[in-house]
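In what follows, a single structure is set out as structure tokens and then discussed.
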Amino acid sequence: MLEEAVKDGVIALVRAMATDAWPAARKGVLRLFRGRNEDERKVVANRLDRDAARVSDSDPDQSERVRGVLETQWQARLQDLVELNPGLTEELRALEGEIRRSLPSRPDSGTQINVAREGGQVFAAQNGSVTVNQLPPQPPDRPLAAGPETGAHG
1 MLEEAVKDGV IALVRAMATD AWPAARKGVL RLFRGRNEDE RKVVANRLDR
51 DAARVSDSDP DQSERVRGVL ETQWQARLQD LVELNPGLTE ELRALEGEIR
101 RSLPSRPDSG TQINVAREGG QVFAAQNGSV TVNQLPPQPP DRPLAAGPET
151 GAHG
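Each step along the sequence shown adds one to the number in the UniProt record's numbering, with nothing skipped, and position 148 is 148.
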């Protein structure tokens, strides 16, 4: 239950990076660390800023990979914090809800039209991926002709 709360909070936190929801998310995370000494809070603030910049500066094709790395790092940080301060679990859940409500919504569906003509094939996905493992085409079966190369005598 504790790990689930941390995981959900981390996903929301990292998703908020490089969005309009970031300032409030950053402030909320720093609030979780209020019981720590000033130096630790500065380190956390610097990490938050650095990580948000990494997301913002990443190429679109690298953004998800960068976010995945950051989720792993923040999972460990917040897991340690909440294990040492179990009373923060509900505060983290509340912060996760605040962040999610302030995030831009993602479209759940859309229209996609794919057309294959003249023996073509279409492999398509929407908000996902497709993996196709296809064997090369086989030559058509042809009857063997009788002749010297087949060993037939005439």
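Note that beta-carbon positions come from the ideal geometry of N, C-alpha and C, so glycine has one too.
Same chain, Cβ closer than 7 angstroms to residue i, neighbours up to 5 away in sequence not counted
i: Ala45; result: Leu30
i: Ala116; result: Val122
i: Ala25; result: Leu13, Ala16 and Ile99
i: Pro104; result: Thr19
i: Glu96; result: Asp8, Gly9 and Ala12
i: Leu48; result: Arg26 and Val29
i: Trp22; result: Ala16 and Ala52
Coil, strand or helix - residue i by DSSP
i: Asn46; result: helix
i: Pro86; result: coil
i: Asp61; result: coil
i: Gly119; result: coil
i: Ile11; result: helix
i: Ser109; result: A caution first: Ser109 carries a pLDDT of 46, below 50, which makes its placement in the model too unreliable to give a value.
i: Arg36; result: coil
i: Thr19; result: coil
i: Leu2; result: helix
i: Leu135; result: coil
i: Leu103; result: coil
i: Ala124; result: coil
i: Arg41; result: helix
i: Asp80; result: helix
i: Arg67; result: helix
i: Gln141; result: What sits at residue 141 in the sequence shown is Asp, not Gln. Three-state result, Asp141: coil.
Proximal residues to residue i (C-beta, below 6 angstroms), its chain only, five neighbours per side dropped
i: Asp51; result: Leu70
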